[in-house]
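According to the numbering used here, the residues represented by the sequence shown are 45 to 230, in order.
Each residue gets a CB set at the ideal place from its N, CA and C atoms; glycine is no exception.
Here's the structure, in structure tokens; my notes come after.
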Amino acid sequence: MAYVLSRFKFRGNGVIRMSMLIGYMLPPLVLAIPLFGLLVSVGLDDTLYGLGIAHIAMCLPFGVWMMIAFYDTVPVDLEEAAWIDGATKMQALVRIVIPVAVPGIVSVAVFSFVLSFTDYVFGLMLVSSDSMKTLPVGLATIAESTALQRGDLLAGAALIGLPMIGFMVLAGRFFIKGMMAGAVKG
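As structure tokens, then:
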């Protein structure tokens, strides 16, 4: 979607771009209330599928907006050279543009992972059973217990942070490249 919005000019392009920006500016709680009603009506409340749909709805506007900015920095000349060499538009996308866009894709993946992994609002509103609670909601439940042990709470917080640290160590190089390339236009 971001590639199409970046490369092709059509009626409604600006409206779609603006709706992505507005969708990202909305607080998650504003999305959670109507999304809860929708998920209950289709029977996806208190399921991982429903929680996944909620996190996609939360991360998609940012991901599209970030990738539009990144694709705008990739020169169109690269694609035109591939077309001259006999590649189709799809081949140019797969063989030229996507490999160049890997740092941007990794940056969006890191942001989306951290945003979803640390989300509290959707985990609290959309999941009611104890076995389906997300880590931030579970940690808040421990903090609210009457026999609060500070050591247990801090150990839980450290364990929650480990996957994010590991993910950043693995993807850090691409993350920095993607953030710098997507932030500077021209």
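Spatial distance of residue i from residue j (CA atoms)
i	j	result
residue 166	residue 134	37 Å
residue 196	residue 176	20 Å
residue 144	residue 99	27 Å
residue 20	residue 185	There is no way to answer for residue 20, as the model of the chain reaches only from 45 to 230.
residue 217	residue 72	29 Å
residue 183	residue 200	7 Å
residue 213	residue 198	22 Å
residue 164	residue 158	12 Å
residue 75	residue 131	42 Å
residue 125	residue 138	14 Å
residue 210	residue 174	27 Å
residue 194	residue 156	30 Å
residue 215	residue 208	10 Å
Contact set for residue i: own chain, Cβ-Cβ below 6 Å, skip 5 residues either direction
i	result
residue 105	64, 67, 68
residue 172	90
residue 47	115
residue 178	167
Cβ neighbours of residue i in the same chain (closer than 8 Å, five flanking residues each side left out)
i	result
residue 141	47, 115, 118, 122, 123
residue 160	99, 102, 103
residue 127	133, 136
The ligand MN heavy atom lying under 7 Å from the CB of residue i
i	result
residue 73	In terms of ligand content, the structure shown is empty, and the ligand MN therefore cannot be addressed.
Residue i vs residue j beta-carbon contact at 8 Å
i	j	result
residue 21	residue 149	Absent from the structure is residue 21, since the part of the chain shown begins at 45 and ends at 230.
residue 170	residue 81	no
residue 88	residue 97	yes
7 Å CB neighbourhood of residue i in its chain, flanking five on each side removed
i	result
residue 203	none
residue 45	108
residue 162	180
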